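In what follows, a single structure is set out as structure tokens and then discussed.
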């Protein structure tokens, strides 16, 4: 039996995601597909459109065998740390293969570059220092650094590498780099993506494929009727979206964020994770002036601080996550929280032995022991439940895994 992992957000789950699973099932019918999925918050510094339980259920109905939650403290990080956490979970779960969607026909050059960077970490770190690598605009700085390496290092010059306007390739490269650090790395399978890149904001009426970004934008900003989008998503996802009676966007949450920024001291704001280099001063000034989130974001975003970097910092303020608390949870034993499984997934779990039990723990239900071990996890999910969803339905305690 082969075991293939996927690293996903599914925010929301659309036809492109279903296509990737179908392709894997078609090529390898006996493969167990395990998804490491971001929970109630995603990498761009936003609350998820639907809860982790809703998204996991739709994925199971569309061919995924096992859905495990990526811990919050990895799910809301820049590409490298996001990838490091997700790849580590897949290794712990015994995955031999990592599959992902790609716009590229040939991912091999990027995999070779990732291996070289992994093997020459000191050289790369020195280059970052010498060139004043800007972690606050991580994507652009990473692309520039890698382009310089390919141009300067003789053994890399033959590689045809192009990250321009392709954040999905940069993320896949981050997976490859994280995977290369393991003594027995997973094999990588890039499946040609159908339709839009995952951050494209435009939708074409001629195709049944669109990015999650464009679907969210249509629903949250353009107020498009859901039935105008139902050809872009499996019916199970459309049915979940029909039941939404809350707004998870920053526009809806901005009054609470604004209150927190204006009611706390500058020193307190600076203690939150990812609030560095005096950016809290800009947040305070913008919150005093701007009554809408769009105008606020426009005021604080610049060449040095990218939109998604800003949003991750704002999410930490909104959730009250200090730098120390985040660092503590990154160092802890990591929970592998079971969100759902089908019959094949359950059968795999019966014989599963975590490859590194000192670093990972399989969690089927969350109780008092888990709340003591990972208090941040409990707190941020309660905020999602009670503030974002405005629901009394528990996102953690007593919520059983979804079994299909």
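Numbering (our numbering), first residue to last: 22 to 425.
Glycine residues also receive a C-beta, built at the ideal position from the N, C-alpha and C atoms.
Owing to the predicted nature of the structure, the values given are computational and were not obtained by experimental measurement.
What residue ranges within the stretch 171-212 form continuous alpha helix (DSSP H) runs of no fewer than 4 residues, ordered along the chain?
188-201
Give the secondary structure of residue 381 by DSSP, where H, G and I count as helix, E and B as strand, and everything else as coil.
Position 360 of the chain shown, counted from the start, is the residue given in the question as residue 381. Here residue 381 sits in strand by DSSP.
Would you identify the three-state DSSP class for residue 27, choosing helix, strand or coil?
Stepping through the chain shown from its first residue, residue 27 is reached at position 6. If DSSP states are grouped into helix, strand and coil, residue 27 belongs with the strands.
In terms of DSSP beta bridges, what is residue 162 paired with?
By 1-based counting over the chain shown, the position of residue 162 is 141. Paired residue(s): none; residue 162 is not in a bridge.
Rounded separation between residue 66 and residue 24 - CA only
Sequence index remark: in the chain shown, residue 66 carries index 45 (1-based). Sequence index remark: in the chain shown, residue 24 carries index 3 (1-based). Roughly 30 Å separates the two Cα atoms.
Please report the straight-line C-alpha distance between residue 345 and residue 179, rounded to a whole angstrom.
Numbered from its first residue, the chain shown carries residue 345 at position 324. Numbered from its first residue, the chain shown carries residue 179 at position 158. Taking the straight line from one Cα to the other gives about 43 Å.
Are the Cβ atoms of residue 281 and residue 317 separated by less than 8 Å?
For this step, residue 281 is matched to residue 260 along the chain shown. For this step, residue 317 is matched to residue 296 along the chain shown. No, the pair does not count as a contact, with Cβ atoms beyond the cut-off.
Which of helix, strand or coil DSSP assigns to residue 359:
Within the chain shown, numbered from 1, the residue matching residue 359 stands at position 338. Of the three classes helix, strand and coil, the one that applies to residue 359 here is strand, per DSSP.
Say whether the stretch 356-369 touches the stretch 82-89, bearing in mind that this needs 3 or more beta-carbon pairs closer than 8 Å, one atom from each stretch.
yes
Express the C-alpha separation of residue 312 and residue 131 in angstroms, rounding to a whole number.
For the purposes of this step, residue 131 is taken as the residue at position 110 of the chain shown. For the purposes of this step, residue 312 is taken as the residue at position 291 of the chain shown. Whole-angstrom Cα-Cα distance: 44 Å.
With 16 other Cβ atoms within 10 Å as the buried cut-off, status of residue 252:
For this step, residue 252 is matched to residue 231 along the chain shown. Burial call: exposed.
How would you write the range of the alpha helix (DSSP H) that residue 427 sits in, first residue to last?
Beyond the ends of the chain as shown, which are 22 and 425, falls residue 427; an answer cannot be given.
Contacts around residue 125, its chain only, beta-carbon distance under 7 Å, and the 5 residues preceding and following it disregarded
Taking the chain shown and counting its residues from 1, the one referred to as residue 125 is at position 104. The answer, listed in chain order, is 190, 211.
With a 10 Å radius around its C-beta and 16 neighbouring C-beta atoms as the bar for buried, classify residue 294 as buried or exposed.
As a working mapping, residue 294 is identified with position 273 in the chain shown. Residue 294 should be labelled buried.
Cβ-based neighbour list, residue 423, same chain, cut-off 7 Å, excluding 5 preceding and 5 following:
Numbered from its first residue, the chain shown carries residue 423 at position 402. The residues are 74, 77, 78, 81, 360, 361.
Go through the stretch 72-127 residue by residue and report every complete run of the alpha helix (DSSP H) that reaches 4 residues or more, in order.
73-82, 93-96, 100-113
Ordered along the chain, which non-local residues of its own chain (more than five positions away) have a Cβ less than 8 Å from that of residue 283?
Here residue 283 is taken as the residue at index 262 of the chain shown, counted from 1. Closer than 8 Å at the Cβ level, and outside the excluded window around residue 283, lie 305, 308, 309.
Taking DSSP as the reference, what is the three-state secondary structure of residue 56?
By one-based count along the chain shown, residue 56 stands at place 35. It is a strand residue.
Just mark residue 62 as buried or exposed, buried being the case when its beta carbon has 16 or more other beta carbons within 10 Å.
Walking along the chain shown from the start, residue 62 turns up at place 41. Buried.
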